[in-house]
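Trainee:
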Amino acid sequence: MHGRSLGHYDRSHLEAIILGSHVLYIDGRLSALSLENHQAARFWSTDTSWCIESKSWFEDYRESGKLVLFRLHKENRRYLLSPANLEFRNARNRRVNLRAFIERFPNVESTVRQILARDWGALFHFELARPDMHFDHSLDLNGLQISSLPCRLSVRDDLVLRYNPITTLPADLIIGGNLDIRDTGILSVPDSVQIMGRVIR
1 MHGRSLGHYD RSHLEAIILG SHVLYIDGRL SALSLENHQA ARFWSTDTSW CIESKSWFED
61 YRESGKLVLF RLHKENRRYL LSPANLEFRN ARNRRVNLRA FIERFPNVES TVRQILARDW
121 GALFHFELAR PDMHFDHSLD LNGLQISSLP CRLSVRDDLV LRYNPITTLP ADLIIGGNLD
181 IRDTGILSVP DSVQIMGRVI R
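Under full-length UniProt numbering, the first residue of the sequence shown carries the number 1, and numbering increases by one thereafter.
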């Protein structure tokens with residue numbers, strides 16, 4: 001599995017590890033596993049700096065949503081994705097750019113998008129929101145550390161960008177309500193941006 005011997009595990013513990021390691025994707029280079037129980041989380045977090053080796057920490061993370069482990073087979077490197085907590089970390093527990101990871105391993109993109117399906121906050125945070133997205137409601141992206149928006153984004157009601165490092169808006173942005181840019185780096189709104197409401201600065 002990850003180079004660690006399984007010989008000292010009893011049958012029930014080994015079964016729990018296997019059952020708790022749900023395979024989402026696998027190819028010759030990497031695998032993606034959903035960690036479903038603490039036994040699996042503890043096994044896969046061995047020799048990492050991840051807190052999920054602790055049962056209480058694992059349960060806290062799982063209560064908030066999915067935990068997905070990515071393992072590079074030949075390099076024996078591991079990465080952990082927690083969409084609900086907007087975290088993608090390497091084995092040293094340092095944040096890693098998920099978009100750059102996908103660019104390196106493009107075959108896993110479809111699986112990542114399935115994991116993040118309809119989690120708009122995570123999609124925007126990880127810079128995976130696609131062009132031409134339309135929302136039939138308000139879109140609150142408050143405090144998600146967003147630095148950019150996709151082109152041709154349209155929002156029927158309000159768009160809240162407060163507390164983000166974003167500095168520019170796409171010229172083809174359409175907003176049916178208000179645009180909240182308080183506590184961002186946006187100093188001006190392009191004339192081509194369509195806003196039916198008002199700009200809240």
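Yeah, the Cβ is synthetic: ideal placement off N, Cα and C, and Gly gets one too.
Am I right that I200 and N164 are in contact with their C-beta atoms under 8 Å? What's the rounded C-beta distance?
Mentor: Contact flag wrong, Cβ pair sits at about 14 Å.
Trainee: Between D132, R162, L144, D157, which has its C-alpha nearest P150's C-alpha?
Mentor: Of D132, R162, L144, D157, the residue nearest in Cα terms is D132.
Trainee: Return the CA-CA distance between I18 and A40, expressed in angstroms with no decimal places.
Mentor: Those two C-alpha atoms are separated by around 7 Å.
Trainee: Look up Q194 in the DSSP assignment and say whether it is helix, strand or coil.
Mentor: In the structure shown, Q194 sits in a strand (DSSP, three-state: E or B).
Trainee: Can you tell me the Cα-Cα spacing of E75 and W50, whole angstroms?
Mentor: Near 18 Å, if we compare the C-alpha coordinates of W50 and E75.
Trainee: Give the straight-line distance between the Cα atoms of Q88 and N107, rounded to the nearest whole angstrom.
Mentor: Sequence inspection shows Phe at residue 88; the Gln mentioned does not correspond to that position. Approximately 18 Å, taken between the alpha carbons.
Trainee: Is it right to say L187 is buried, meaning 16 or more other beta carbons lie within 10 angstroms of its own, or is it exposed?
Mentor: So L187 ends up on the exposed side.
Trainee: Report all residues from its chain with a CB closer than 8 Å to the CB of L30; omit the five preceding and five following residues, and keep chain order.
Mentor: So the list reads F70, R71, L72, H73, F105, V108, once near-sequence residues are dropped.
Trainee: Quick check on the DSSP output: the alpha helix (DSSP H) that includes H38 runs from which residue to which?
Mentor: Where H38 is concerned, the enclosing alpha helix (DSSP H) stretches over 38-44.
Trainee: What whole-angstrom Cβ distance do S64 and A84 have, given they're in contact under 8 Å?
Mentor: That pair is a contact at about 4 Å.
Trainee: Measure the C-alpha to C-alpha separation of I181 and G143 and round it to an integer number of angstroms.
Mentor: Computed Cα separation, rounded: 11 Å.
Trainee: For A32, which of H38, S21, R162 has the nearest alpha-carbon?
Mentor: Of the candidates H38, S21, R162, the one whose C-alpha sits nearest the C-alpha of A32 is S21.
Trainee: Would you list the one or two residues that DSSP bridges to A32?
Mentor: According to DSSP, which records beta bridges pairwise, A32 is partnered with Y25, F70.
Trainee: So if DSSP puts N164 in a beta bridge, which residue, or which two residues, is it bridged to?
Mentor: Its beta-bridge partners do not exist; DSSP assigns none.
Trainee: Comparing C-alpha positions only, which one of I175, I146, S82, S110 sits nearest to G197?
Mentor: When each option's Cα is compared against that of G197, the closest is I175.
Trainee: Does the beta-carbon distance from A129 to L161 come in below 9 Å?
Mentor: It is not a contact, given that the beta carbons lie outside the stated cut-off.
Trainee: Any idea what DSSP makes of L128, helix, strand or coil?
Mentor: Coil, per DSSP.
Trainee: Which value, in whole angstroms, describes the spacing of the CA atoms of R118 and E15?
Mentor: Distance between the alpha carbons of R118 and E15 is about 32 Å.
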